[in-house]
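Numbering (our numbering), first residue to last: 146 to 369.
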């Protein structure tokens, strides 16, 4: 999957780090502040939205007497300690980052999360220096499944989209990467387990975790 690739771009939540559980907890707690229960369709409705788009959706759907910026600030505060102390890299991710860097492959992040959270968790896990570019969907025109955030990341990496490989854990993210003209590797995640069949059909590759790639890379090195 890395042949002819000049850059690898990661979605963050659920792909590079194990964090999707954080947001369901936050949604329940946040709506509870306003005496509201979480609707059954909420996760499907907001999937792929940027941080700002999601805040706007909450304000409008639930009639919250909070500005979009206030909602964003609320969520950043609620997520901060969880991301700093409890959100970890996916198994094998650090070793895969090391491998890509050793091969001269550029690394970027294209995330729907907030700039504040992504910068903090990359520093907390000690991997910030691996990435030449971190792009949030708030900086693009549209969130996923639109290709905007991936195209913007490729542009900032100075790499043609066709020479980029994307790692994504949700269907809308896979669709965004494919729409950008990139190859996509789907990443297994408990949050999107119900989407596994669709993820496999849409993506070019599928992995349970990054240790699978390391095992393949080790075989390549032994046969060189």
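Ideal placement from N, C-alpha and C gives every residue a C-beta, glycine not left out. What you are looking at is a predicted structure, and each value in this text was computed from that prediction instead of being measured.
- A straight line joining the alpha-carbon of residue 223 with that of residue 237 spans about 28 angstroms.
- Residue 152 sits in a strand when the DSSP states are folded into three classes.
- Residue 186 counts as exposed, since fewer than 16 other beta carbons sit within 10 angstroms of its beta carbon.
- When secondary structure is reduced to three states using DSSP, residue 304 falls in the coil class, being assigned neither helix nor strand.
- Straight across, the Cα-Cα distance linking residue 234 with residue 249 is about 21 angstroms.
- The beta carbons of residue 272 and residue 239 sit closer together than 8 angstroms.
- Across the structure, residue 173 and residue 279 are spaced so that their CA atoms are roughly 28 angstroms apart.
- Between residue 345 and residue 339, the C-beta spacing is not below 8 angstroms.
- In this structure, the straight-line span from the alpha carbon of residue 227 to that of residue 168 is close to 10 angstroms.
- Contiguous alpha helix (DSSP H) elements confined to the stretch 273 to 303 occur at 293 to 302, taking only those with 4 or more residues.
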